[in-house]
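These protein sequence lines are chains Y and G, in that order. Each residue of the first sequence is one higher than the last, beginning at 1 in full-length UniProt numbering. Each residue of the second sequence is one higher than the last, beginning at 1 in full-length UniProt numbering.
Protein chains: 2
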Amino acid sequence: MAASPETTQRPPLAPDHRFTPTTEPFRWENIPVTAYQRTPATAADFAGITRQTLFGQSGETIGFEVRYFEIAPGGWSSLECHGHAHAVIGLRGVGKVLLGDTVQTLRFLDLAYIGPNCVHRLVNDEPTPFGFLCIVDAKRDRPRRLRPADVPDLLTNPALAALIQRGGVQGAPQPTQSGKTTSLD
Amino acid sequence: MAASPETTQRPPLAPDHRFTPTTEPFRWENIPVTAYQRTPATAADFAGITRQTLFGQSGETIGFEVRYFEIAPGGWSSLECHGHAHAVIGLRGVGKVLLGDTVQTLRFLDLAYIGPNCVHRLVNDEPTPFGFLCIVDAKRDRPRRLRPADVPDLLTNPALAALIQRGGVQGAPQPTQSGKTTSLD
Chain Y
1 MAASPETTQR
11 PPLAPDHRFT
21 PTTEPFRWEN
31 IPVTAYQRTP
41 ATAADFAGIT
51 RQTLFGQSGE
61 TIGFEVRYFE
71 IAPGGWSSLE
81 CHGHAHAVIG
91 LRGVGKVLLG
101 DTVQTLRFLD
111 LAYIGPNCVH
121 RLVNDEPTPF
131 GFLCIVDAKR
141 DRPRRLRPAD
151 VPDLLTNPAL
161 AALIQRGGVQ
171 GAPQPTQSGK
181 TTSLD
Chain G
1 MAASPETTQR
11 PPLAPDHRFT
21 PTTEPFRWEN
31 IPVTAYQRTP
41 ATAADFAGIT
51 RQTLFGQSGE
61 TIGFEVRYFE
71 IAPGGWSSLE
81 CHGHAHAVIG
91 LRGVGKVLLG
101 DTVQTLRFLD
111 LAYIGPNCVH
121 RLVNDEPTPF
131 GFLCIVDAKR
141 DRPRRLRPAD
151 VPDLLTNPAL
161 AALIQRGGVQ
171 GAPQPTQSGK
181 TTSLD
């Protein structure tokens, strides 16, 4: 069965996105660096984190999104949970992943599965950037932003508390969940 | 709103999969190396390629699968097309991607989008392993395996013909598409 000319001669549906490894931080041609989130939040809810959506926001015929997040030294993502899951793959540096009542260390190509309704935060306590892929279903629920006071059981564990109490947000008012959330969701 | 103990204390739903970078080829703890495909095929339909499914076959609550393929020096994947798309990210080495009527070179963190019904094959003509992530929707159609004779228009381009005519499969009988296909689909 011969493939039709239409099929065989179709050009790639997206331009070739060339990775440019000599730049700091990691960047791709024609892939914009977007805000970590647009949802209103306290200033200390997250710090030093950027997002680049590698697949899933350019008309691709896929039911998922592949995002690259990079956390600068000393930075962290929001403390949150939601009904959808994250598939996380370490790409550069070393990070810590608060994952329910555990802490995992994530290095190059280490995997972390953040299951539904699992409280999580990613943190970079190292002197070099921590970068990772985070793949999610395109259709997903909004994250629920958490304050330290929302997870009292976790605070009893000093190792977890150290990741939860970043930026002095304990007791800060929880932001209103309005508009499309584009955080580490 | 306090997260429930059930939520906050839930352990990771999958074990931590630690990447072991000192081994050749790339391997992960507790991630099996699976056959590239189970569909009957001619011996030369593909060569030197392995698959490891990093996410999506361990009961995760996700609608996609994240697979790592590694092609040994001189190897290649099947020549095929199908209705679903591939999101490909280079992880090690250098490979060539036949993508419709183009050839792309894929290096570390380069991206390639293989759209619906786009004829494709990945090839390693370098002396080191070529490894890449290939992310797909969990629900997807079966690939249509192609013979060189199925893509006569592409064969008129020497650069494409060199990738299509691997293993002397020209004119070989097309395998029966029976059973669950687990190739680069």
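Glycine included, every Cβ here is placed at the ideal spot set by N, Cα and C. Quantities reported herein were computed from a predicted structural model and do not represent experimental measurements.
| Asked | Found |
| --- | --- |
| I want to verify the contact list: residues of chain G whose CB lies under 9 Å from the CB of residue 220(Y), in sequence order. | Nothing about residue 220(Y) can be read from this structure; chain Y reaches only from 1 to 185. |
| Looking at the structure shown, is P152(Y) part of a helix, part of a strand, or coil, going by DSSP? | helix |
| What are the start and end residues of the beta strand (DSSP E) that includes A72(G)? | 64-76 |
| Return no unless some Cβ of chain Y is closer than 8 Å to the Cβ of D110(G). | yes |
| Per DSSP, C118(G) is paired with what? | Answer is none; C118(G) lacks a bridge partner. |
| Do the segment 74-93 of chain G and the segment 112-120 of chain G meet, that is, are 3 or more Cβ pairs less than 8 Å apart? | yes |
| Can you list the residues of chain Y that P148(G) reaches, using a CB-CB cut of under 9 Å? | Under the 9 Å cutoff, chain Y gives no residues; its nearest Cβ is about 11 Å from P148(G). |
| Pairing CB atoms from the segment 102-112 of chain Y with CB atoms from the segment 136-156 of chain Y, are three or more of them under 8 Å? | no |
| So what does F26(Y) bridge to, in DSSP terms? | Bridge partners of F26(Y): none, in fact. |
| Going by DSSP, what residue range makes up the alpha helix (DSSP H) through L163(Y)? | 158-164 |
| Any beta carbon of chain Y sitting closer than 8 Å to that of R67(G)? | no |
| Which residues of chain Y have a Cβ atom closer than 9 Å to the Cβ of F132(G), listed in chain order? | Neighbours of F132(G) on chain Y: none; closest Cβ ~12 Å, over 9 Å. |
| Going by the CB atoms, is the gap between Y113(G) and F55(Y) shorter than 8 Å? | yes |
| What residues of chain Y sit near P129(G), judged by a beta carbon separation below 8 Å? | Ordered by position in chain Y, no residue passes the 8 Å Cβ test against P129(G), which lies about 14 Å from the chain. |
| According to the neighbour-count rule (16 or more other Cβ atoms, all chains shown, within 10 Å of its Cβ), is G171(Y) buried or exposed? | Confidence at G171(Y) is low in this model, with a pLDDT of 38, below 50, so the placement of that residue should be treated as unreliable; the coordinate-derived value is given next. So G171(Y) ends up on the exposed side. |
| Could you check whether the Cβ of L155(Y) sits closer than 8 Å to any Cβ belonging to chain G? | no |
| For the segment 129-142 of chain G and the segment 93-108 of chain G, state whether three or more C-beta atom pairs, one from each stretch, are separated by less than 8 Å. | yes |
| So, is P32(G) buried or exposed, given that buried needs 16 or more other C-beta atoms within 10 angstroms? | exposed |
| Taking 8 Å as the threshold (beta carbon to beta carbon), is L54(Y) in contact with chain G? | yes |
| DSSP beta-bridge partners for L98(G)? | V103(G), R121(G) |
| Using 8 Å as the threshold, is the C-beta distance between I62(G) and V66(Y) below it? | no |
| Would you tell me roughly how many angstroms separate the C-alpha atoms of I49(G) and A85(G), rounded to the nearest one? | 20 Å |
| Give the secondary structure of D137(Y) by DSSP, where H, G and I count as helix, E and B as strand, and everything else as coil. | strand |
| By Cβ distance below 7 Å, which residues in the same chain neighbour Y36(G) in space, the five residues on each side in sequence not counted? | F46, I49, T50, R51, S183 |
| Spell out the partners DSSP gives F55(Y) in its beta bridges. | V66(Y) |
| Rounding to the nearest angstrom, what Cα-Cα distance links A159(G) and L99(G) in this structure? | 12 Å |
| Would you call A44(Y) buried or exposed, if buried means 16 or more other Cβ atoms sit within 10 Å of its Cβ? | exposed |
| What residue range does the beta strand (DSSP E) around R142(G) cover? | Per DSSP, R142(G) belongs to no beta strand (DSSP E) and is neither H nor E. |
| When you check each C-beta in the segment 23-36 of chain G against every C-beta of chain Y, which residues fall closer than 9 Å? | F26, W28, I31 |
| At the 8 Å Cβ level, is P158(G) part of the contact set with chain Y, yes or no? | no |
| Tell me, which residues are paired with A112(G) by DSSP? | V88(G) |
| Identify which residue in Q57(Y), R142(Y), P73(Y) has its Cα closest to the Cα of P25(Y). | P73(Y) |
| Could you check if D101(Y) is buried or exposed, using at least 16 other CB atoms within 10 Å of its CB as the buried criterion? | buried |
| Since F64(Y) contacts D137(G) with CB under 8 Å, what's their CB separation in whole angstroms? | 7 Å |
| Anything in chain G within Cβ reach of P116(Y), meaning under 7 Å, just list it in chain order. | T61 |
| Please list, in chain order, all residues of the same chain as A162(G) whose beta carbon is under 8 Å from its beta carbon, the five residues on each side excluded. | none |
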